[in-house]
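Residue numbers (our numbering): 125 to 861.
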Amino acid sequence: MPFIIQRRGGGHSGEVVFTARTPPSVRGSVTLTARRPVPISGEATFSASIPTPDASSSRDIEYLTDLTGLPAQVLTAEYRHTGQHEELTVTVDGLHPLATPTAQLRLQARNGMGVRLGELPTRVFQSATQEPQLNTGEEQTTFVFRNSFDGLLRGVRLPELIPWKLNPSPDLCAGPRQQQNVSELVRGILQAHVDGAFRLDDDPLRSSVWVEGRTDYSTLGKTSQQVWDETYGLLGMVLWVAPLDTGIRLVGTWPQPIADGTGPVISADWRLTDLPQRQWYQTPRRLTLRGAEHATDLTPDLLLDFIGPDPARVELERELYPNAEWFEASESSGTSTVQRGYRKLGGQLVSQVEVTTGDVSVQETVDGEPRVRLLYGVATGYKRTETTYDPNCQGRPVSQRTETRGWGYDLQTTLGTFNVPGPGLNITLRTGDLVAEETTLTTYTYSPQGHQTGETTTTRRLASMEQAGAEGDAADRGPLTGREYVTQTITQTWAPMGAGRWRYSSGVSGQTLVPVYDAESREAVRTVALARSTPDAPRVTDQAPPSYDCRPYCEVIRELLDPTGMVLNAGDAGLAEEREISVPMLRPADLTQVAGRVLAADWHREIRTFSVPFPLGYHPGSWLADGRVQSLTIRVGAPDDVVSELTCARLDATLMAPGSAAIEHLRADPNAGRALMLAGAPGGARVRLVTGWDPGVSEAITEDALVVFRSGYPPRPGDEIDWQLIRGQREATNARR
125 MPFIIQRRGG GHSGEVVFTA RTPPSVRGSV TLTARRPVPI SGEATFSASI
175 PTPDASSSRD IEYLTDLTGL PAQVLTAEYR HTGQHEELTV TVDGLHPLAT
225 PTAQLRLQAR NGMGVRLGEL PTRVFQSATQ EPQLNTGEEQ TTFVFRNSFD
275 GLLRGVRLPE LIPWKLNPSP DLCAGPRQQQ NVSELVRGIL QAHVDGAFRL
325 DDDPLRSSVW VEGRTDYSTL GKTSQQVWDE TYGLLGMVLW VAPLDTGIRL
375 VGTWPQPIAD GTGPVISADW RLTDLPQRQW YQTPRRLTLR GAEHATDLTP
425 DLLLDFIGPD PARVELEREL YPNAEWFEAS ESSGTSTVQR GYRKLGGQLV
475 SQVEVTTGDV SVQETVDGEP RVRLLYGVAT GYKRTETTYD PNCQGRPVSQ
525 RTETRGWGYD LQTTLGTFNV PGPGLNITLR TGDLVAEETT LTTYTYSPQG
575 HQTGETTTTR RLASMEQAGA EGDAADRGPL TGREYVTQTI TQTWAPMGAG
625 RWRYSSGVSG QTLVPVYDAE SREAVRTVAL ARSTPDAPRV TDQAPPSYDC
675 RPYCEVIREL LDPTGMVLNA GDAGLAEERE ISVPMLRPAD LTQVAGRVLA
725 ADWHREIRTF SVPFPLGYHP GSWLADGRVQ SLTIRVGAPD DVVSELTCAR
775 LDATLMAPGS AAIEHLRADP NAGRALMLAG APGGARVRLV TGWDPGVSEA
825 ITEDALVVFR SGYPPRPGDE IDWQLIRGQR EATNARR
């Protein structure tokens, strides 16, 4: 619509006023026209407002106040919603101590032109939080109602819902570990308890999991609220109630806004009170967020990569690899040399051999003259041990067989050879006459409960030798051979007696060769075997029988668990104390994103509290132009006396925004900790020491360090060592007396 600006007082200026019957906005244009060609300039401002009514103009607001279901006339009422529940407090005329009403509330207001100013949709309240409060002096009764899920969240105990608690994996090495997604479990529990009326506004744990044998968890006997507090609640998230038609919905959300939002504008012309303020003293100087430990399968190959070049590299490979065959460097003493070979299968030592060679000097008197023969580098000892293990318990021996050989040497011995078939050694020995093949066999028995009940060791050994032509000339003598053998058996048994005590008994039985003398000549004519048994008296002891590890062999030495986390430094913007949060199932890759959300929830906020003379239905969690609603209170003093008070909050970036906080590495305690042993060293051990976590690359920060042992036997490579800093030196605490 064109308007002509009339000249006033000789100048070319004027004013155009637009009015609109429908708030909140006015759109329009201005066309300025001059009747004669002179320069024209102008400015137009478009705005819409509704005059704020004063006390005398209350008739300009039409109220619809519908509060029914109470046993008498309503005097005052207050509706309040702070997030966790919505509450209605109503005072009625008269004394009604036994009344259990169901209240229904609906509020609406329109201005004099019929435009709706605000509305609280119908709310139904059935549950009272306490008995009616009687005021006998004023003859009034106050009812307090509350809509919430507290009874379901806090009163119902859960069964066990973690899968491996119900059906544990028989062998964690045989396949992947069972996992339980955190988000799926929490959503399922809450939706089941509130009939599906649950929603998550944000899900920082959508990728986080509990893992069998690593980050354990149980729901048995816990409430839904406890499960929430132990998951999302660790981050500071809360459960709020949001109106849903005439019912309510449960919402998981951050109690404070973590991002900017917008919504409808409540005109300042309608505000009875308006109080802005800032909250600056809740932002921590530093926020440390710790996540789930980073798990790595520590295999022999990986451990050897950690070890790198080391003087004991070959020895470590033999120790770490499950299947190996090797021999040790020979040991010499005088003219004797000892060589040993070994074989491992499935991590168990199943075979070993020990060979001794040396110089032998044979002396004999022949025809009254001494004769000497020197034999160089001949076999003087041979021992071979083979062990078998229980296939159902790979660390438990079933039997062990040890074989020894003995060779005899004299002046006429013709040297032969003997091939050592390993393990580790593949050599040929120069030998004399084979006079003995002695054998020791040990068998082990076990109770169905798993403990050892018996051990029997039987040894067959040479007792005497013979030789053809032993008393003739040296050239006429035959080879030395074994003649008589004796057998010895050692037994041990254990039986539980209760209270940590065991009945233990042992005994020795076997044969001994004794000479038989001729009664007339008094000379020994032969030997006979005499059987003897020497049992020990049974005794009760607290010494338990040997125990063995029955876990199946696993190619993974252990799970290497590195602590993860990150630090956000708010710098000069942080005015509160440092804060640390540990979320043991949070995926390390999500640390940066989740830490940013947690810090934003604690960041500086602009708070605005205002009131208007009509009902509003903006509940906590909804957005207005002033920020996100934190609380809503509506007071009803009379049908035409309704005041709404809202508190809104939004992020305050006056000092700086949450995203500007500096990201720092997580640093481990420099005075104590746990480290992975790599290899032994004089006085201690080389270790892989974790000094922190780098969230940028999602890797541990490590260094190669030395941990000393004051006393005690050092652990094996791959074991974990607890240490502490003592007088400037890292010292193992689990190797001290």
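In this text, a Cβ means the ideal position worked out from N, Cα and C, and glycines have one as well.
Under the three-state DSSP convention, the category residue i falls into
i	result
glutamate 308	helix
aspartate 384	coil
arginine 834	coil
phenylalanine 430	helix
glycine 415	coil
leucine 637	strand
threonine 665	strand
serine 475	strand
alanine 700	strand
glycine 346	A small correction: the amino acid at residue 346 is lysine; glycine does not occupy that position in the sequence shown. In the structure shown, lysine 346 sits in coil (DSSP, three-state: anything other than H, G, I, E or B).
valine 438	helix
isoleucine 551	coil
aspartate 421	strand
isoleucine 758	strand
serine 784	helix
valine 333	strand
proline 712	helix
isoleucine 845	strand
tyrosine 356	helix
glutamate 443	helix
aspartate 686	strand
arginine 520	strand
Burial state of residue i (16 or more Cβ within 10 Å)
i	result
glutamate 493	exposed
serine 671	exposed
arginine 240	exposed
proline 283	exposed
valine 297	A small fix is needed here, since residue 297 is cysteine in this sequence, not valine. Exposed, since its Cβ has fewer than 16 Cβ neighbours within 10 Å.
glycine 761	exposed
arginine 675	exposed
aspartate 862	With the chain covering only 125 through 861, there is no way to say anything about residue 862.
proline 222	A small correction: the amino acid at residue 222 is leucine; proline does not occupy that position in the sequence shown. Leucine 222 comes out exposed.
threonine 489	exposed
For residue j and residue i, believed in contact at Cβ under 8 Å, the rounded distance
i	j	result
glutamine 612	glycine 631	Glutamine 612 to glycine 631, Cβ: 11 Å. No contact.
tyrosine 677	glutamine 518	5 Å
tyrosine 570	arginine 520	7 Å
tryptophan 288	glutamate 336	4 Å
threonine 526	threonine 512	Threonine 526 to threonine 512, Cβ: 13 Å. No contact.
arginine 247	aspartate 190	With 8 Å as the limit, arginine 247 and aspartate 190 do not qualify as a contact, their Cβ atoms being about 10 Å apart.
glutamine 349	leucine 277	4 Å
Alpha carbon of residue i to alpha carbon of residue j, nearest angstrom
i	j	result
glutamate 210	leucine 290	39 Å
leucine 374	serine 746	14 Å
proline 662	alanine 619	11 Å
leucine 422	glycine 842	8 Å
threonine 176	threonine 265	Since pLDDT at threonine 176 reaches only 37, below the 50 mark, its modelled position is unreliable, and no value is offered.
aspartate 534	serine 645	31 Å
arginine 625	alanine 668	8 Å
asparagine 858	glycine 808	12 Å
alanine 144	phenylalanine 738	Confidence at alanine 144 is low in this model, with a pLDDT of 44, below 50, so its placement is unreliable and the value that follows should be read with caution. Spanning the two alpha carbons is a distance of roughly 21 Å.
phenylalanine 451	arginine 338	39 Å
threonine 412	alanine 725	14 Å
leucine 830	leucine 329	38 Å
glycine 320	glutamate 730	35 Å
serine 149	aspartate 714	For serine 149, the pLDDT reaches just 39, beneath the cut-off of 50, and the residue's location in the model is therefore unreliable, leaving the point undetermined.
glutamate 769	aspartate 696	34 Å
threonine 563	arginine 607	16 Å
tyrosine 187	valine 306	48 Å
valine 318	valine 362	16 Å
asparagine 795	glutamine 848	6 Å
valine 214	phenylalanine 267	5 Å
alanine 416	glycine 371	38 Å
glycine 741	arginine 323	20 Å
glycine 470	tyrosine 356	44 Å
valine 216	histidine 205	21 Å
Query - Any 3 or more C-beta pairs closer than 8 Å across the region 782-799 and the region 812-823 - result: Three or more pairs of CB atoms, one per stretch, sit closer than 8 Å, so the region 782-799 contacts the region 812-823.
Query raised in the report: If we count Cβ pairs, one from each stretch, closer than 8 Å, do we get three or more for the region 406-424 versus the region 698-713?
Result: yes
**Report entry** Cβ pair count under 8 Å reaching 3, the region 384-399 against the region 643-650
**Finding:** no
Report task. Could you tell me whether the region 741-758 touches the region 682-695, using the rule of 3 or more Cβ pairs below 8 Å? Result -> no
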